[in-house]
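The sequence shown: position 305 = 305 (full-length UniProt numbering), numbered continuously. For glycine and all other residues, C-beta sits at the position ideal for the given N, C-alpha and C. Below: one structure, written as structure tokens.
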Amino acid sequence: MSPQISIILLSSLATGTVITMTSHHWLMAWIGLEVNTLAIIPIISATHNPRATKAATKYFLTQASASAMILFSSMINAWQTGTWDITNLSSEPSHILLTMALAMKLGLVPTHFWLPEVLQGSTMATALIIVTWQKLAPMALIYLTINNLSTVVLISLGLLSSVIGGWGGLNQTQTRKIMAFSSITHLGWMTAISTIMTNIMILNLVIYLIMTTALFYSLILSKSKTIQDTTTAWTLSPTLTTMMMILLLSLGGLPPLTGFMPKWLILEELIIQNLIPAATTLAMSALLSLFFYLRLAYTTTLTLSPNTIQTKFKWRFKLKPITSLMMTSSTISIFLLPLTPLMLL
1 MSPQISIILL SSLATGTVIT MTSHHWLMAW IGLEVNTLAI IPIISATHNP RATKAATKYF
61 LTQASASAMI LFSSMINAWQ TGTWDITNLS SEPSHILLTM ALAMKLGLVP THFWLPEVLQ
121 GSTMATALII VTWQKLAPMA LIYLTINNLS TVVLISLGLL SSVIGGWGGL NQTQTRKIMA
181 FSSITHLGWM TAISTIMTNI MILNLVIYLI MTTALFYSLI LSKSKTIQDT TTAWTLSPTL
241 TTMMMILLLS LGGLPPLTGF MPKWLILEEL IIQNLIPAAT TLAMSALLSL FFYLRLAYTT
301 TLTLSPNTIQ TKFKWRFKLK PITSLMMTSS TISIFLLPLT PLMLL
């Protein structure tokens, strides 16, 4: 893909998200989502192979269905209330349709099946965009309509996503699929807390974006597409593999790393609201996802895999890519926990 086309597509992607996040009219929000979807389809199918085409088709069908449901939901609301204002969503059928559409957009259980498949068919860089930037517009719509959405439904979706996201990642060997199930789990935590405290949801979203970006950068630099690839990553850069281990533990939510902060705050808030069963389920589901993070950390850093004479090691060339974003995001992903009181002000 030529640089000019890449710039046009990436700027359209950003514009679509910004239009959705800043709009107060349902039609403008829908237009933003459509622009966003149409910009990422060529990015996914840029690599000319059947798997990329299949991933782009799955992504398009899912997102188009979700956008149609959002438009249908807003039309029902406008028909019954006479207003297209996003914050004034008072019709019951509109709530249900909107909740399911946003769950489909985000990849929450039970509409999560497209996410691992689409990520597996994309390149690492495209997968990074799908699990980070593409979550901003639907989360903004949840934030804007949160007063009208059903608390019980959102908490149920969150609990299901955190459990099935952890469960689904257990038997995966592809790093992109593992990151897809990791994304489903983290979005489950955010959805569970969204109706209770939106500021914790936003904090969790920001930390998730930073940690995922840092880990994806590490996977891109070490060219690790499977768990087997991570076993020889130490030959490329021992420092990078050590950083990957710490990032994986942070994503798993172990103290004293940054990833512990949102889990701690969410569990604390759920217990304050007397939602003990929900807090217990979330805490137990964190153990499932922690297992596959630990397995990745173990193969990457903590062990040397059995090597035969024919094993291909990675050559330790001088790194060409600019790693300033990775350095910044990795630092934030590790050392932010002591600043928790400052962020809650």
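Check: Quick check: Gly253 and Leu290, are their CB atoms within less than 8 Å of each other?; Outcome: yes
Check: Within the same chain, show all residues whose beta-carbon is closer than 7 Å to that of Ala81, passing over the 5 residues directly before and after it, in chain order.; Outcome: Going by the sequence as given, residue 81 is Thr instead of Ala. Within the same chain, Thr81 has close Cβ partners Asn88, Ser90 and Ser91.
Check: State the DSSP-derived secondary structure class of Gln174, mapped to helix, strand or coil.; Outcome: strand
Check: On the premise that Met261 lies in contact with Leu336, defined as a C-beta separation below 8 Å, what is that separation, rounded to the nearest angstrom?; Outcome: 7 Å
Check: For the candidate residues Thr151, Ala278 and Leu144, whose alpha-carbon lies nearest to that of His24?; Outcome: Leu144
Check: Thinking C-alpha only, which one of Leu247, Leu288 and Gln228 is nearest Met327?; Outcome: Leu247
Check: Using beta-carbon positions only, say whether Ser73 and Ala101 come within less than 8 Å of one another.; Outcome: yes
Check: Any idea which residues DSSP pairs His25 with across the strands?; Outcome: Asp85
Check: For Thr226, which three-state DSSP category applies?; Outcome: strand
Check: Hey, would you say Thr17 sits closer than 8 Å to Trp133, going by beta carbons?; Outcome: yes
Check: Our contact map puts residue 400 next to Met28 with C-beta atoms below 8 Å; I'd like the distance itself, whole angstroms only.; Outcome: Given that the chain is displayed from residue 1 to residue 345, the structure contains no residue 400 and the question cannot be resolved.
Check: Quick check on Ala186: does DSSP put it in helix, strand or coil?; Outcome: The sequence shown places His at residue 186, not Ala. His186 falls in the helix class under three-state DSSP.
Check: In this structure, how does DSSP classify Ala72 when only helix, strand and coil are distinguished?; Outcome: Note on identity: in this sequence residue 72 is Phe, with Ala being the wrong assignment. Looking at Phe72 - three-state DSSP - the assignment turns out to be helix.
Check: Find out if the Cβ-Cβ distance for the pair Gly169, Ala192 is shorter than 8 Å.; Outcome: no
Check: Got a sec? Which residues, its chain only, sit under 6 Å from Phe216 by beta carbon, not counting five neighbours each side?; Outcome: Leu128
Check: Do Ile70 and Trp30 have their C-beta atoms closer together than 8 Å?; Outcome: yes
Check: What do you get for Ile200, buried or exposed, if any count of 16 or more other CB atoms within 10 angstroms of its CB means buried?; Outcome: buried
Check: Can the beta-carbon of Ser222 be found less than 8 Å from the beta-carbon of Ala233?; Outcome: yes
Check: CA-CA distance, Ala297 and Ser182?; Outcome: 14 Å
Check: Three-state secondary structure (DSSP) at Val109?; Outcome: coil
Check: Note down the Cα distance separating Gly165 from Thr185, rounded to an integer number of angstroms.; Outcome: 5 Å
Check: To the nearest angstrom, how far is the alpha carbon of Ile272 from that of Thr281?; Outcome: 16 Å
Check: Let me make sure I understand the geometry here. Which of Asn147, Ala125 and Leu154 has the alpha-carbon closest to that of Pro110?; Outcome: Leu154
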